[in-house]
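Report on the following structure.
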Amino acid sequence: MFIINFILDCGASVMLPIIIFILGIIMGAGVSKSFKSGITIGIGFTGISLVTGLLSDELGPVAQQMTERLGLHMDVIDIGWPAMSSITWAWSAAGLMIPICLGVNILMLALKLTKTMNVDVWNYWQFAFIGAAVSVATNSIPIGLAFGAVSSALALVLADLTQPYIEKYFNMPGISFPHLTALGCLPVVYPLVWILDRIPGLNKININADSLRKKFGIFGEPMMMGLIIGIVLGALAGAKPQVILQTGIGLAAVMYLMPKMVACLMEGLMPISQAAQELMSKKFAGREVFIGLDAAVSLGEPAVIAVGLVLVPITIALAIILPGNRILPFADLAVIPYIVCLFTAMCKGNIFRALIVGTVVMGLVLLMASTLAGLETPLAISAGVTIPKGATLIGNLDRANIITWLFIKLSTIFG
Numbered sequence: 000m001f002i003i004n005f006i007l008d009c010g011a012s013v014m015l016p017i018i019i020f021i022l023g024i025i026m027g028a029g030v031s032k033s034f035k036s037g038i039t040i041g042i043g044f045t046g047i048s049l050v051t052g053l054l055s056d057e058l059g060p061v062a063q064q065m066t067e068r069l070g071l072h073m074d075v076i077d078i079g080w081p082a083m084s085s086i087t088w089a090w091s092a093a094g095l096m097i098p099i100c101l102g103v104n105i106l107m108l109a110l111k112l113t114k115t116m117n118v119d120v121w122n123y124w125q126f127a128f129i130g131a132a133v134s135v136a137t138n139s140i141p142i143g144l145a146f147g148a149v150s151s152a153l154a155l156v157l158a159d160l161t162q163p164y165i166e167k168y169f170n171m172p173g174i175s176f177p178h179l180t181a182l183g184c185l186p187v188v189y190p191l192v193w194i195l196d197r198i199p200g201l202n203k204i205n206i207n208a209d210s211l212r213k214k215f216g217i218f219g220e221p222m223m224m225g226l227i228i229g230i231v232l233g234a235l236a237g238a239k240p241q242v243i244l245q246t247g248i249g250l251a252a253v254m255y256l257m258p259k260m261v262a263c264l265m266e267g268l269m270p271i272s273q274a275a276q277e278l279m280s281k282k283f284a285g286r287e288v289f290i291g292l293d294a295a296v297s298l299g300e301p302a303v304i305a306v307g308l309v310l311v312p313i314t315i316a317l318a319i320i321l322p323g324n325r326i327l328p329f330a331d332l333a334v335i336p337y338i339v340c341l342f343t344a345m346c347k348g349n350i351f352r353a354l355i356v357g358t359v360v361m362g363l364v365l366l367m368a369s370t371l372a373g374l375e376t377p378l379a380i381s382a383g384v385t386i387p388k389g390a391t392l393i394g395n396l397d398r399a400n401i402i403t404w405l406f407i408k409l410s411t412i413f414g
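Each residue of the sequence shown is one higher than the one before, starting from 0 at the first, in numbering that gives the first Met the number 0.
What follows is the structure, given as structure tokens:
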């Protein structure tokens with residue numbers, strides 16, 4: 000347990016290289032190549048984290064000004080996924096979720112129930128969160144662990160199901176996303192995409208990064224899209240001219256740097272992925288294996304970031320007008336690109352269509368976040384977190400997805 004806690008405390012940027020190094024050795028990639036791949040992936044993941052931090056730093060003040068300008072006062076405060084992950088790992092049984100989820104993955108691979116090998120161990124906290132919330136709802140740790148294990152199995156199945164979109168749209172062969180932030184709203188996304196494909200007129204509208212680039216020239220470039228979106232967000236917040244310009248440059252930097260950081264991560268991953276495919280072809284003729292990663296690797300796609308940024312003011316507007324919403328969106332607004340990445344791929348990069356789907360999804364996210372706060376707050380208090388002034392409850396947008404919500408609500412049958 001000490002070793003597990005030590006590695007967890009190092010964070011994803013250290014944990015992932017260690018796992019990739021060990022995986023590379025197992026897959027027969029060799030010590031030198033496995034070590035280099037692990038370090039390269041660690042550098043790429045650190046770069047992605049830095050750029051994501053920049054995104055959060057730029058969006059945070061603007062979002063706060065926007066909410067203050069609109070006079071929003073709600074009793075659930077969005078504390079963000081970093082705080083919620085720390086609260087989850089503080090759960091007394093959280094450490095058990097790592098061997099449980101690994102065991103489930105190995106068993107499903109052996110039984111050919113999945114093709115995904117989930118190396119994104121840091122994000123096992125998402126399954127641990129379900130376990131922790133269920134344990135609060137049912138007052139039973141064993142039931143919480145069982146629900147956490149089942150959710151990890153479902154994530155593997157959905158990762159297999161959606162892998163063709165990732166391979167085709169993001170050009171990532173052999174990669175899947177067993178990541179509930181991206182997968183969590185598929186029960187709504189699939190029918191929405193199907194309906195939009197069949198509505199006359201709407202199904203003919205196609206606005207993507209390439210068409211914007213062709214139509215608007217330099218102003219259709221990703222960094223220019225970031226600049227324009229940043230300036231618009233700053234203006235909507237009523238910020239000072241200096242802040243508006245700083246926000247524009249900041250988001251332009253995000254749009255420019257993110258693809259380069261993802262490219263670095265993918266450079267490190269490819270040797271391990273190739274070794275895994277070769278091993279599977281030797282041991283199991285014709286069998287595929289996918290490497291399951293954090294959906295962060297998709298953030299290099301301009302359409303994903305564009306949809307995510309445009310949904311920021313839409314989400315704040317929904318928070319105002321949506322009956323039943325109690326959460327003030329703030330810290331997790333920077334998570335929206337993670338939420339939209341998969342259905343943006345399912346929409347084939349059509350920004351117009353992805354925004355329609357995203358508006359519905361974010362409306363549901365707000366409502367689910369409002370209802371889950373009653374379980375998240377006791378978890379936070381048990382972890383020693385102080386409730387912010389002016390708030391009755393705390394919550395976050397990252398964990399407020401349909402699959403997580405359904406698992407937690409279903410568990411109340413056993414409570």
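A virtual CB, placed ideally from N, CA and C, is assigned to each residue, including glycine.
These numbers come from a predicted model, not from an experiment.
Per DSSP, the bridge partner or partners of residue i
| i | result |
| --- | --- |
| L405 | Answer by DSSP bridge pairing: none, since L405 is not bridged. |
| L185 | Answer is none; L185 lacks a bridge partner. |
| I290 | M116, I174 |
| L327 | I76 |
| G394 | D77 |
8 Å Cβ cutoff met for residue i and residue j
| i | j | result |
| --- | --- | --- |
| I18 | A295 | no |
| N395 | W121 | no |
| I86 | A382 | yes |
| V75 | R325 | yes |
| L341 | T314 | no |
| V50 | A236 | no |
| G37 | P16 | yes |
| N202 | D196 | yes |
| I271 | L22 | yes |
| V133 | P377 | no |
| I407 | L371 | yes |
| S12 | T66 | no |
| L298 | M73 | no |
| I335 | G307 | yes |
| D56 | F329 | no |
Through-space distance from residue j to residue i, alpha-carbon basis
| i | j | result |
| --- | --- | --- |
| W88 | Y255 | 34 Å |
| S84 | A131 | 11 Å |
| V156 | N117 | 11 Å |
| S31 | Y337 | 33 Å |
| I290 | D159 | 10 Å |
| A275 | M26 | 5 Å |
| G357 | L278 | 39 Å |
| P221 | A251 | 7 Å |
| L182 | L292 | 12 Å |
| L95 | G147 | 10 Å |
| L310 | I24 | 42 Å |
| I40 | E166 | 19 Å |
| Q63 | V149 | 37 Å |
| I230 | A353 | 22 Å |
| A379 | A82 | 9 Å |
| T161 | N400 | 17 Å |
| N349 | A302 | 8 Å |
| C263 | S139 | 43 Å |
| I142 | A127 | 12 Å |
| V210 | L405 | According to the sequence displayed, residue 210 carries Ser and not Val. If you take the alpha carbons of S210 and L405, they lie about 38 Å apart. |
Start-to-end residues for the alpha helix (DSSP H) that takes in residue i
| i | result |
| --- | --- |
| M116 | Careful: M116 lies outside any alpha helix (DSSP H), inside the beta strand (DSSP E) at 115-117. |
| G200 | Counting along the chain, G200 falls outside any alpha helix (DSSP H), and DSSP gives it neither H nor E. |
| G237 | Element bounds for G237: n/a, residue is neither H nor E. |
| K32 | 30-68 |
| N104 | 93-109 |
| I206 | Element bounds for I206: n/a, residue is neither H nor E. |
| Y337 | 335-345 |
| W124 | 124-137 |
| V306 | 301-320 |
| A382 | Per DSSP, A382 belongs to no alpha helix (DSSP H) and is neither H nor E. |
Where the beta strand (DSSP E) through residue i begins and ends
| i | result |
| --- | --- |
| D77 | 75-77 |
8 Å contact criterion, which residue i and residue j should meet: CB distance rounded
| i | j | result |
| --- | --- | --- |
| L179 | Q125 | 5 Å |
| P163 | L232 | The pair is not a contact, with the Cβ atoms about 34 Å apart (cut-off 8 Å). |
| V288 | K35 | Not quite, the Cβ-Cβ distance comes to about 21 Å (not below 8 Å), so this is no contact. |
| P172 | D119 | That belief does not hold up - the Cβ atoms of P172 and D119 are roughly 18 Å apart, past 8 Å. |
| K347 | Y168 | 7 Å |
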